[in-house]
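**Q**
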Amino acid sequence: MTEKIHTIESDLVRQSAATLASAIRQGDVTSEQVTAAHLDRIEQVDPAVHAFLYVNREQSLGRAREVDRGIAEGKISSPLAGVPIALKDLLATKGIPTTCGSRILEGWRPPYNATIVERLEAAGVVSLGKTNMDEFAMGSSTEHSGYGPTRNPWDLERIPGGSGGGSAAAVASFQSPLAIGTDTGGSIRQPAAVTGTVGVKPTYGGVSRYGIVALASSLDQAGPCARDVMDTALLHSIIAGHDPRDSTSINSPVPDVIQAALSADVRQMKIGVIKQLQGEGFQRGVLERFNAALDLLAGLGAEIIEVSCEHFQYALGAYYLILPSEASSNLARFDGMRFGIRRGDDGSNSVEQVMSATREAGFGAEVKRRIMLGTYALSSGYYDAYYGQAQKIRTLITRDFESAFSHVDVLVSPTAPTTAFKIGEKLDDPLAMYLNDIATIPVNLAGNCAMSLPIGLAPEDGLPVGLQIIAPAMADDRLYRVGSALEAALVDQWGGLLIEEAPAL
Amino acid sequence: MTSTAFDNVIAEFEPVIGLETHIELGTQTKMFCGCSTEFGGDPNTHVCPVCLGLPGSMPAVNRTAVESTIRMGLALNCSIAPWSRFARKNYFYPDMPKNYQISQYDEPLCINGFLDVTVITEDGPRVFRVEIERVHMEEDTGKLTHGGGAGRIHGATHSLVDYNRAGIPLIEVVTKPIAGTGSLAPDVAKAYVTELRELMRALGVSDVRMEEGSLRCDVNVSLARTGESWGTRTETKNVNSLRSVERAVRTEMIRQAERLRDGNRIVQETRHFNEETGNTTSGRSKEQAEDYRYFPEPDLIPVAPSEEWISELRTTLPEIPSVRRARLQQVWGISDFDMASLVNAGALDLIEQTIHSGVSEQAARKWWMGEFSRIANERGCDLVDLTVQPLDIRQVESLIASGDLTDKLARSVFEGVIAGEGSVAEVISRRGLKVVSDDTSLIAAIEQALAEQPDVAEKIKSGKLQAAGAIVGAVMKATQGQADAAKVRGLLFELLGISE
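Top to bottom, those sequences are chains A and B. Take the first sequence: its letters are residues 11 to 515, numbered as in this note's numbering. Take the second sequence: its letters are residues 7 to 506, numbered as in this note's numbering.
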């Protein structure tokens with residue numbers, strides 16, 4: 011065991027969450043030491059990456075010491091007890107600043123914790139801080155943060171994906187072994203793909219939304235981010251489960267994702283390749299890696315079948331009506347009356363003028379764009395043509411999935427059509443930015459679950475490529491079964507995880 | 007507002023009215039969170055992340071509120087939708103924490119019912135069937151107080167907001183247009199709201215405290231020239247008492263008739279009701295009406311009550327107030343008018359409880375509709391707020407029967423009880439309220455009165471027995487009212503050797 015301790019202490023930040031938890035459990039290292047090592051790493055690399063919006067060293071270390079005592083006294087026992095985590099700044103954290111990446115919430119400290127945060131605390135997982143994101147989760151690059159962009163650890167000139175770029179970059183740059191993201195149209199999966207990490211959007215209703223600031227309530231879902239499939243499964247198992255405070259949360263047992271990750275077996279499984287999510291618009295190297303991964307899966311004993319999902323071509327259009335509609339309503343509460351910043355309150359303005367000035371000053375351009383789109387789409391006279399039609403398309407997409415899953419176990423596609431693009435490259439072209447989520451959006455519209463897994467580097471730019479695995483609602487375990495089998499085969503090929511290849515910072 | 011003006015309206019026009027009534031449900035907790043619904047807490051003390059609309063918080067439906075709404079729907083003869091949804095009504099206003107209200111829009115829980123209401127006319131009672139369009143659930147808003155001006159938003163320098171009321175469950179009962187009521191339109195409106203209140207109370211879904219603003223009515227009125235199709239309607243908002251409902255319909259009918267006669271058209275608009283003057287003033291017109299951008303509330307799953315649940319709730323319905331009133335009216339043998347005034351006074355339950363405690367029907371009615379109503383009126387409160395219990399009445403009645411109290415003394419006892427001087431026994435002893443039944447002192451008092459008024463004594467002796475009142479009165483005065491008048495009268499005649 012002595013040798014093991016040495017290895018761990020020499021580079022605690024490069025270990026998996028499972029390894030750290032087991033070392034803490036066995037007393038080889040304390041949560042305080044592990045937490046301190048990650049805080050040191052944050053101090054060292056985050057000035058360049060800018061994954062975090064808020065870190066409180068003393069608070070995290072204090073919590074780690076509490077957890078150490080809890081573990082020693084046998085009060086805390088979970089598969090991740092003592093392991094640090096980074097939380098997307100969309101999660102309400104009691105007494106800790108929560109900005110959602112927006113200036114409008116500057117200085118707001120929620121008086122309550124999100125259900126996920128409570129579950130993590132009960133499991134002895136230690137928060138390192140809050141991660142950067144596109145403002146109110148609107149974006150695919152984290153460039154729309156009100157606090158400056160996050161950079162991709164693989165190439166600091168490139169985007170880390172979005173909206174959860176901070177969470178993915180924190181994990182990819184070894185600042186945290188685990189992170190929580192949220193995924194409304196791909197905000198966990200696309201950042202995972204472009205940073206060479208693993209991310210899962212659980213089944214809608216699988217993880218409580220209580221305390222997660224809503225972007226589009228019918229699409230939002232929080233999920234786990236990590237560097238390997240097993241860590242992702244461990245985190246998934248802790249945050250998932252029914253919550254009476256979220257009426258849309260599903261009241262049935264959580265699929266056994268840990269067992270599925272352990273089984274790592276795709277023999278006799280039928281894997282459908284979505285015809286509409288390859289080809290035009292997809293980068294050559296992305297498709298190359300994707301096809302190689304399919305060969306690997308076939309080699310592992312899976313049957314690869316091409317599947318057509320006819321209505322996916324309408325997904326992006328429907329999504330950009332439903333999301334702004336719900337967002338325009340969800341974001342109405344940010345008016346300077348009860349929390350966050352307030353502008354124009356000098357006694358000369360009416361309440362409407364103060365609300366308007368606050369929103370003008372506090373919201374960024376992308377947020378305003380979507381609020382206007384949504385307000386228009388819900389207006390009387392337009393509702394049926396826009397919101398109503400979009401809901402019909404949503405039903406058709408759900409049916410496409412149902413019909414596909416009647417003859418395959420999972421579906422696969424590239425997670426994103428391209429590798430990480432350059433910061434600023436698509437900022438002036440919202441449509442090009444929106445297209446980056448073309449493969450991930452249908453899953454949110456239908457409410458089922460999906461994982462993004464690193465499958466190698468695109469030859470032309472040497473940047474990570476992600477493969478998306480999609481399973482039916484409440485069959486999240488299938489993601490882990492396929493993901494861990496493919497990961498094992500790739501690790502065999504590479505001699506380690508892809509993330510080990512990332513340049514040192 | 008003269009009755010002539012109103013009669014002139016009816017001569018020329020036929021009114022159509024419609025009522026939208028919001029009533030706070032009497033649940034322990036709010037519509038979408040666990041906060042208390044208790045009235046009158048310090049501002050912003052019954053609040054939590056959900057009813058404050060804090061970012062990230064989510065609503066969860068109060069099952070009791072759904073249950074109350076279904077029971078109300080059943081009592082109003084509605085169909086209960088097997089599947090209904092909440093929607094968001096979007097508009098910016100600082101009393102609304104989320105800047106949208108969770109309400110029901112095109113998919114209400116209860117639809118197509120009716121409520122029969124009785125109006126007492128000179129020709130006797132008339133029953134009108136008011137058709138119900140829908141009953142749905144929604145959440146209340148917070149309460150704004152405007153400071154630095156006249157208490158109104160105009161001229162205010164600042165406003166304070168209290169979110170204790172935000173999220174309190176409301177049900178909204180919407181009628182279909184009510185036509186054919188003619189001159190009785192204001193009375194039908196009032197009778198309808200009264201009946202609705204009685205129904206809510208009988209169901210136990212709300213105690214309908216109007217003085218706490220727990221019932222608010224929007225009154226729609228339009229006029230058509232007799233025989234022509236319906237005119238343009240106005241909607242008078244926030245009419246908050248039974249009397250105001252009646253006045254609002256009446257004044258709006260008169261106002262519209264005057265405009266139409268002058269050749270003006272009626273603008274479709276919302277109007278404000280002034281409680282002091284009884285007049286309505288223009289609010290915003292339909293052209294400026296807000297677009298609420300309704301859409302299904304994505305944070306809540308549909309309300310889908312099972313048939314079993316609905317049947318189970320049907321078995322919990324009490325006797326419908328109108329049926330109960332008819333039954334009691336017959337048992338007590340009282341007139342329509344008496345029954346109506348008794349219901350208006352909110353005395354029905356109290357009288358019934360008093361009778362159950364062993365008091366005669368007549369005595370129970372006499373106390374509640376007489377002395378107690380007078381005191382409640384004086385104090386400007388409801389009968390139920392007086393501290394008198396049915397058992398107090400029974401106790402006092404038996405003391406009257408045994409001759410220990412006179413009616414007059416009994417009134418003094420209740421006056422003391424209501425003033426908080428203690429129980430019936432305590433008030434009697436503290437106020438020294440005992441009938442003077444000692445014959446010797448009564449006879450002495452009678453003799454003194456006769457000596458002071460010898461002419462009266464002569465009148466009585468000559469057979470004018472009604473003159474005895476003067477002597478009895480003097481004796482009552484001398485004994486400070488603590489004598490039994492009948493007894494004094496008996497002794498007087500005995501003394502004068504007269505037999506009645």
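Quick reminder that beta carbons are idealized off the backbone N, C-alpha and C, glycines included. This structure is a prediction, so every number in the text was calculated from the model and none was measured.
(1) Tell me, to the nearest whole angstrom, how far the beta carbon of Tyr508(B) is from that of Tyr298(B); I am working on the premise that it is less than 8 Å.
(2) Put Pro513(A) into one of helix, strand or coil per three-state DSSP.
(3) Would you kindly work out how many angstroms separate the C-alpha atoms of Thr506(A) and Glu497(A), rounded to a whole number?
(4) List the residues that DSSP assigns as beta-bridge partners of Asp168(B).
(5) Anything in chain B within Cβ reach of Phe373(A), meaning under 9 Å, just list it in chain order.
(6) Please report the residue range of the alpha helix (DSSP H) in which Gln335(B) lies.
(7) Anything in the stretch 122-143 of chain B with a Cβ closer than 8 Å to a Cβ of chain A? List those residues in chain order, please.
(8) Does the beta carbon of Ser228(B) fall short of 7 Å from some heavy atom of the ligand HEM?
(9) In this structure, how does DSSP classify Phe499(B) when only helix, strand and coil are distinguished?
(10) Would Val53(B) pass as an interface residue toward chain A - the criterion being a Cβ-Cβ separation below 8 Å?
(11) Check each residue of the stretch 100-130 of chain A: if its Cβ is closer than 9 Å to any Cβ of chain B, include it; give the result in chain order.
(12) What residues in the stretch 301-312 of chain B bring their beta carbon closer than 7 Å to a beta carbon of chain A?
(13) Is the number of C-beta pairs between the stretch 132-149 of chain A and the stretch 58-68 of chain A that are closer than 8 Å three or more?
(14) Helix, strand or coil for Gln129(A)? Go by DSSP, reduced to three states.
(15) When you compare only the Cα positions, how much space is there between Phe349(A) and Trp118(A)?
(16) Taking only the alpha-carbon atoms, compute the straight-line gap between Ala308(A) and Pro265(A) and give it to the nearest angstrom.
(17) Which residues, in order along the stretch 205-239 of chain A, keep a beta-carbon less than 8 Å from a beta-carbon of chain B?
(18) Using alpha carbons as the reference points, say which of Val377(A), Ile222(A) and Glu290(A) lies closest to Ile448(A).
(19) By a C-beta neighbour count over all protein chains shown, 10 Å radius and 16 as the cutoff for buried, is Phe343(B) buried or exposed?
(20) Using 8 Å as the Cβ pair cut-off and three pairs as the minimum, do the stretch 147-164 of chain B and the stretch 121-134 of chain B touch?
(21) May I ask you to report which of helix, strand or coil DSSP gives Phe134(B)?
(22) Is DSSP giving Lys95(B) helix, strand or coil here?
(23) With a 10 Å radius around its C-beta and 16 neighbouring C-beta atoms as the bar for buried, classify Gln200(A) as buried or exposed.
(24) Could you tell me the alpha carbon to alpha carbon distance between Thr360(B) and Leu348(B), rounded to whole angstroms?
(25) If we count the other Cβ atoms within 10 Å of its Cβ and call it buried at 16 or more, is Ala58(A) buried or exposed?
(26) Closer than 8 Å, CB to CB, is Thr368(A) near chain B or not?
(27) Taking the straight line between their C-alpha atoms, what separation do you get for Gly426(B) and Leu498(B)?
(28) For chain A, find out if any of its Cβ atoms is closer than 8 Å to the Cβ of Met345(B); answer yes or no.
(29) Report the option in Gly119(B), Ala191(B) and His142(B) whose CA atom is closest to the CA atom of Thr127(B).
(30) Mark Asp398(B) as exposed unless 16 or more other C-beta atoms lie within 10 angstroms of its C-beta, in which case mark it buried.
(31) Which residues in chain A sit within 7 Å of Arg94(B), going by Cβ to Cβ distance?
(32) Looking at C-alpha atoms only, which residue of Ser26(A), Met443(A) and Arg352(A) is the closest neighbour of Phe373(A)?
(33) Could you work out which residues of chain B lie near Met365(A), taking near to mean beta carbons separated by less than 7 Å?
(34) Based on the DSSP output, what are the partners of Met461(A) in its beta bridges?
(35) By Cβ distance, which residues of its chain are closer than 7 Å to Gly119(B), with the 5 residues on each side in sequence left out?
(36) Can the beta-carbon of Ile449(B) be found less than 8 Å from the beta-carbon of Ile477(B)?
**A** The short version:
(1) Because chain B spans 7 through 506 in this model, residue 508(B) falls outside it and cannot be assessed.
(2) It is coil, neither helix nor strand.
(3) Per the sequence shown, residue 506(A) should be read as Gly rather than Thr. Inter-residue distance for Gly506(A) and Glu497(A) is about 10 Å (C-alpha atoms, whole angstroms).
(4) Asp168(B) has Lys149(B) as its beta-bridge partners, per DSSP.
(5) Neighbourhood of Phe373(A) in chain B, by CB distance below 9 Å: empty, with the nearest CB roughly 14 Å away.
(6) From DSSP, the alpha helix (DSSP H) with Gln335(B) extends over Pro327 to Trp338.
(7) Taking a C-beta cut-off of 8 Å against chain A, none of the residues of the stretch 122-143 of chain B qualify.
(8) Absence of the ligand HEM from the depicted structure is noted, as is the absence of any ligand whatsoever, leaving it without description.
(9) Phe499(B) falls in the helix class under three-state DSSP.
(10) Judged by the 8 Å Cβ criterion, Val53(B) is not in contact with chain A.
(11) Considering only beta carbons, the part of the stretch 100-130 of chain A lying closer than 9 Å to chain B consists of Leu100, Leu101, Ala102, Thr108, Cys110, Leu115, Trp118, Pro120, Pro121, Tyr122 and Ala124, in chain order.
(12) Those would be Phe301, Pro304, Asp305, Leu306 and Ile307, in chain order.
(13) Taking a contact to require three or more Cβ pairs closer than 8 Å, the stretch 132-149 of chain A and the stretch 58-68 of chain A qualify as touching.
(14) The question names Gln, yet the displayed sequence has Arg at residue 129(A). Residue state, collapsed to three classes: helix.
(15) About 6 Å.
(16) If I take the Cα positions, the gap works out to 25 Å.
(17) From the stretch 205-239 of chain A, only Arg219, Tyr220, Gly221, Ile222, Val223, Ala224, Ala226, Ser227 and Ser228 have a Cβ closer than 8 Å to chain B.
(18) Of all alpha-carbon atoms in Val377(A), Ile222(A) and Glu290(A), the one lying nearest the alpha-carbon of Ile448(A) is that of Glu290(A).
(19) Around the beta carbon of Phe343(B), a 10 Å sphere encloses fewer than 16 other beta carbons of the protein chains shown; the residue is thus reported as exposed.
(20) Output reads no: the stretch 121-134 of chain B does not touch the stretch 147-164 of chain B.
(21) Looking at Phe134(B) - three-state DSSP - the assignment turns out to be strand.
(22) Reduced to three states, the DSSP call for Lys95(B) is strand.
(23) Under a 10 Å Cβ-count criterion, Gln200(A) is classified as buried, with 16 or more other Cβ atoms of the shown protein chains found around its own Cβ.
(24) Those two C-alpha atoms are separated by around 14 Å.
(25) Flag for Ala58(A) reads exposed.
(26) With a threshold of 8 Å between beta carbons, Thr368(A) makes no contact with chain B.
(27) The alpha-carbon separation between Gly426(B) and Leu498(B) amounts to approximately 38 Å.
(28) It does not: the Cβ of Met345(B) has no partner Cβ on chain A nearer than 8 Å.
(29) For the set Gly119(B), Ala191(B) and His142(B), the Cα lying nearest the Cα of Thr127(B) is the one of Ala191(B).
(30) Buried is the label assigned to Asp398(B), since at least 16 other Cβ atoms lie within 10 Å of its Cβ.
(31) The CB of Arg94(B) comes closer than 7 Å to the CB of Ser339 in chain A, given here in chain order.
(32) The shortest C-alpha separation from Phe373(A) is found at Arg352(A).
(33) Those within 7 Å of Met365(A) in chain B are Phe98.
(34) Partner(s): Val210(A) and Ile479(A).
(35) The residues are Gly79, Leu82, Asn83, Cys84 and Ile138.
(36) If you check the CB distance, Ile449(B) and Ile477(B) do not come in under 8 Å.
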